[in-house]
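Student:
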Amino acid sequence: MSDTGADDIRWMRHALRIARKGGAAEGGAPIGCVIVRGGVVLGEGYNEVDRRRDPTAHSEIVAMRRAGQHLNTGEFRGATLYSTLQPCGMCSMASIWAKISRIVYGAGRGDVHEMYFEDRHMNTIDFIRDAYRDDLSLCGGVLAAECAALYVPRGADIPLDLQFNR
Ligand SMILES: [Zn+2]
Numbered sequence: 001m002s003d004t005g006a007d008d009i010r011w012m013r014h015a016l017r018i019a020r021k022g023g024a025a026e027g028g029a030p031i032g033c034v035i036v037r038g039g040v041v042l043g044e045g046y047n048e049v050d051r052r053r054d055p056t057a058h059s060e061i062v063a064m065r066r067a068g069q070h071l072n073t074g075e076f077r078g079a080t081l082y083s084t085l086q087p088c089g090m091c092s093m094a095s096i097w098a099k100i101s102r103i104v105y106g107a108g109r110g111d112v113h114e115m116y117f118e119d120r121h122m123n124t125i126d127f128i129r130d131a132y133r134d135d136l137s138l139c140g141g142v143l144a145a146e147c148a149a150l151y152v153p154r155g156a157d158i159p160l161d162l163q164f165n166r
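Structure follows, in structure tokens:
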């Protein structure tokens with residue numbers, strides 16, 4: 001884990017604003033992501049799975065697609081990805097392939113309901129820890145409580161047919 005700086009707090013607040021926008025949008029969900037390099041936003045977005053009818057339209061993927069269009073490349077070396085929720089396996093893998101240099105998330109797997117994650121036991125953020133790249137760092141728990149407040153809490157009684165991962 002890396003140290004949390006003032007910039008991390010600032011950009012996580014930005015991601016929180018995007019997440020809240022997503023929560024209020026038709027077909028959106030309150031998970032926000034912003035990709036930043038040198039103090040400049042390369043791409044940002046919220047979860048648009050329902051709106052786009054696209055299971056890959058997680059906030060991180062939406063932000064990466066926008067960054068790719070903006071920069072005209074699929075590689076974002078030197079960039080930091082901020083997400084209000086720990087990235088899932090798909091988004092962790094995509095971040096590795098995108099050559100993102102740093103991943104910072106707010107609420108972690110232990111802070112929210114299990115339905116936000118695809119694997120019962122494997123913590124897919126470990127894909128990042130185990131990546132071949134040695135220029136990739138990870139920092140979790142930035143504004144964790146504020147981020148977690150956007151999600152169904154751990155242990156909440158949600159009927160199985162309403163759980164996203166079933
Ligand atoms: Zn994801």
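Numbered per this note's numbering, the sequence shown spans residues 1 to 166. Where a beta carbon is used, it is the ideal one built from N, C-alpha and C, also for glycine.
#1: With hydrogens ignored, establish whether the beta-carbon of residue 33 is closer than 7 Å to any heavy atom of ligand 1.
#2: Measure the alpha-carbon distance for residue 89 versus residue 152 and round it to whole angstroms.
#3: Can you pull every residue whose C-beta falls closer than 7 Å to some heavy atom of ligand 1, listed in chain order?
#4: Taking the alpha helix (DSSP H) that residue 13 belongs to, which residues open and close that run?
#5: Does the Cβ-Cβ distance between residue 57 and residue 33 come in under 8 Å?
#6: Got a sec? Which residues, its chain only, sit under 7 Å from residue 77 by beta carbon, not counting five neighbours each side?
#7: Could you pull the start and end residues of the beta strand (DSSP E) that residue 131 belongs to?
#8: Within its chain, find whatever has a CB closer than 7 Å to the CB of residue 174; leave out the 5 residues flanking it on each side and keep chain order.
#9: Classify residue 2: buried if its beta carbon has 16 or more other beta carbons within 10 angstroms, exposed otherwise.
#10: Given 8 Å as the limit, is there contact between the stretch 152–166 and the stretch 123–137, that is, 3 or more CB pairs closer than that?
#11: Taking the beta strand (DSSP E) that residue 71 falls in, what are its first and last residues?
#12: Excluding five sequence neighbours on each side, which residues of the same chain lie with their C-beta closer than 8 Å to the C-beta of residue 55?
#13: Looking at the secondary structure, which residues open and close the alpha helix (DSSP H) in which residue 39 lies?
#14: Flag this pair as yes or no: are the beta carbons of residue 143 and residue 110 separated by less than 8 Å?
#15: May I ask you to report which of helix, strand or coil DSSP gives residue 52?
#16: If you compare alpha carbons, which of 96, 41, 23 is closest to residue 134?
Tutor: Judging by the given coordinates:
#1: no
#2: 20 Å
#3: 58, 60, 61, 87, 88, 90, 91
#4: 6–24
#5: no
#6: 99, 101
#7: From DSSP, residue 131 is part of no beta strand (DSSP E); its letter is neither H nor E.
#8: Here the chain has residues from 1 to 166 only, and residue 174 is not among them.
#9: Caution is warranted here: a pLDDT of 45 is assigned to residue 2, below 50, making its placement in the model unreliable, and no coordinate value can be reported.
#10: no
#11: Note, residue 71: premise wrong, no beta strand (DSSP E); alpha helix (DSSP H) at 59–71.
#12: 49
#13: From DSSP, residue 39 is part of no alpha helix (DSSP H); its letter is neither H nor E.
#14: no
#15: helix
#16: 96
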